[in-house]
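Chemist:
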Amino acid sequence: MGKIKLAVKTPRIDMTPMVDLFFLLLVFFILTATFRPEEAAPIDTPSSTSQAPIPDSHVVTILISKNNKVFFNVDNGSDTIEHLRAKILQGVGSQYQVKFTPMQIKKFAGLASFGLPAANLPAFLDAPDVKAREAMQVGIPIDSLDNQLATWVRYARLYNNDLEFAIKGDGSADYPVVKKVIAVLQDNNVNKFNLTTNLKKVELPTDVLQK
Amino acid sequence: MAEIVQEEGHKGKGKKKAKKHGTHIDMTPMVDLACLLLTFFMLTTAFNKPKVMEIILPEKPKENEKPPELDKSRALNILLIDHDKILWYDGLADPNKTLPVLTQTDFSKEGIRKVLLQRNKALYAKVDRINKDVIEGKLKITRDTLESRTKRMYKEDKSGPIVLIKAADGVKYRNIVDIIDEMAIANVARYTLVDINPVEKTMVKTYKK
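Here the protein sequences come in this chain order: Z and W.
Take the first sequence: its position 128, counting from 1, is numbered 128 in my numbering, and each next residue is one higher.
Take the second sequence: its position 206, counting from 1, is numbered 417 in my numbering, and each next residue is one higher.
1. Residues in its own chain within less than 8 Å of Ala304 of chain W by CB, not counting five upstream and five downstream?
2. Name the one or two DSSP bridge partners that Leu244 of chain W has.
3. Using DSSP's beta-bridge definition, name the partner residues of Asp301 of chain W.
4. Could you list which residues in chain W have their beta carbon closer than 8 Å to that of Ile39 of chain Z, in chain order?
5. Three or more C-beta pairs closer than 8 Å, one from the region 38 to 50 of chain Z and one from the region 179 to 188 of chain Z: is that the case here?
6. May I ask you to report which of helix, strand or coil DSSP gives Leu24 of chain Z?
7. Going along chain Z in order, which residues have a C-beta closer than 7 Å to the C-beta of Lys271 of chain W?
8. Give the interface partners of Met15 of chain Z over in chain W, defined as CB-CB distance under 7 Å, in chain order.
9. Just the Cα atoms here: how many angstroms apart are Ser224 of chain Z and Thr151 of chain Z?
10. Which residue's Cα is closest to the Cα of Val338 of chain W: W:Asp406, W:Ala395, W:Val382, W:Lys351?
11. Could you tell me which chain Z residues have their CB closer than 8 Å to the CB of Tyr402 of chain W, listed as they occur along the chain?
12. List the residues of chain Z whose Cβ lies closer than 9 Å to the Cβ of Phe252 of chain W, in chain order.
13. For a contact meaning CB atoms closer than 7 Å, what does Pro311 of chain W contact in chain Z?
14. Assign Leu93 of chain Z to one of two classes, buried (16 or more other C-beta atoms within 10 Å of its C-beta) or exposed (fewer than that).
15. Could you have a look at Asp174 of chain Z and say whether DSSP puts it in helix, strand or coil?
16. Quick check on the DSSP output: the beta strand (DSSP E) that includes Ile167 of chain Z runs from which residue to which?
17. Is it buried or exposed, Tyr175 of chain Z, if we count other Cβ atoms within 10 angstroms and call 16 or more buried?
18. What number of angstroms, rounded off, separates the C-alpha of Asp187 of chain Z from the C-alpha of Arg360 of chain W?
19. Beta-carbon of Thr45 of chain Z versus every beta-carbon of chain W: anything under 9 Å?
20. Among the candidates W:Asp389, W:Val242, W:Lys419, W:Arg385, whose CA atom is the shortest distance from the CA of Phe66 of chain Z?
21. Three-state secondary structure (DSSP) at Glu218 of chain W?
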């Protein structure tokens, strides 16, 4: 008897449905993508039960990191054509006698949050990569002697009237620093602002509300 | 990655016919690329936007203006101290009279939340009812109307506590967010952040001993 030879076949898998699915998902993700902004420091925000989302634009975010450094971020408004960040940068620059080249201004417009004294900004904007930039982020001075945060807030409001303010602090940042930041805002007549938080569930004590 | 395209096996015999077969395109590189892009977009997308908690502080009084008088009977003082603890007392601390007694509590749901709810029962019930009616569909109003109605309730509130939040040294930002959140949960109409005064500082010190 002859042996039955099994034909060695490489299986052919029809990949079309898989590819279809991949492309569908890909298109979905491309269309819904809003990129995470590059943040100057990792910030672990505390939780609250508030469900209001942060507005899309016209937001000034003041970040407070775990080691109490203060960072500042302002968006370009609803349209980048307004060049708000560039205007604010030049305004603050004129206050502290810091001059910027057009290249530096352009670079600044594309960055997100930053935290360093205004005098170091040109060097910061010329820094070659993220790592070099990170090393320079020492926080914006908020002492009463040299309150640069107030200057940033003032110029941001000067060029954009519809700004909302958000404080995004790390849960373990010290309150005195946050208090100083709030005082800076109140000095600029900002009495309504937002605290960025994570969402958590509401739980009520059991017996209080029963009659 | 494995190559899945198959070569047609020709058997020796027979005429050599130009065999018609459907053009097979090797899709593997395309799939690789699609997969790569897909992973990239999945990882870089920030799906849930961060939430914000709105806080409105009373305006700073102008220089020649007197700060508004506070109804002593409604004042509830919350002193935040280190290690996530809370001390609270009613009324105002007057150094010339006997000092009020401090009560210790914490941020749990049976802690300060209970104290606040007990004091703010009337307003809480009102706001809660209108919210529930909207959720259950008994009351059909827009979100804006709901908001303005609750705001009016807050404004008209005459019996709820006026909470003064005072933070001592060593308090973390987390505690402040938590306590403001407690205000929102208990629908407290009036609260503000104020500095701790020297009398209260000594009260906290003596309490700790």
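Don't be surprised by glycine CBs; every beta carbon is placed ideally from N, CA and C.
Bear in mind that the values here come from a model prediction, so they are computed numbers and not experimental data.
Modeler: According to the structure data:
1. Asn288, Leu310, Pro311, Asn408, Val410, Glu411, Met414
2. Partner(s): none; Leu244 of chain W has no beta bridge.
3. W:Leu287
4. Here residue 39 of chain Z turns out to be Glu, not Ile, going by the sequence shown. Per Cβ cutoff of 8 Å: no residues; Glu39 of chain Z is ~11 Å from chain W at best.
5. no
6. helix
7. Gln186
8. Met238, Val242
9. Any property of residue 224 of chain Z remains undetermined from this structure, which presents chain Z solely from 1 to 211.
10. W:Ala395
11. Residues of chain Z passing the Cβ test: none, with the nearest at roughly 14 Å.
12. Leu25, Leu26, Phe28, Phe29, Ile30, Thr32, Ala33
13. Residues of chain Z passing the Cβ test: none, with the nearest at roughly 22 Å.
14. The sequence shown places Gly at residue 93 of chain Z, not Leu. Classification of Gly93 of chain Z: buried, given that the 10 Å Cβ count is 16 or more.
15. strand
16. 164 to 169
17. buried
18. 31 Å
19. yes
20. A small fix is needed here, since residue 66 of chain Z is Lys in this sequence, not Phe. Nearest of W:Asp389, W:Val242, W:Lys419, W:Arg385 to Lys66 of chain Z, Cα basis: W:Arg385.
21. Per-residue confidence for Glu218 of chain W stands at a pLDDT of 49, beneath the threshold of 50, marking its modelled position as unreliable; no derived number is given.
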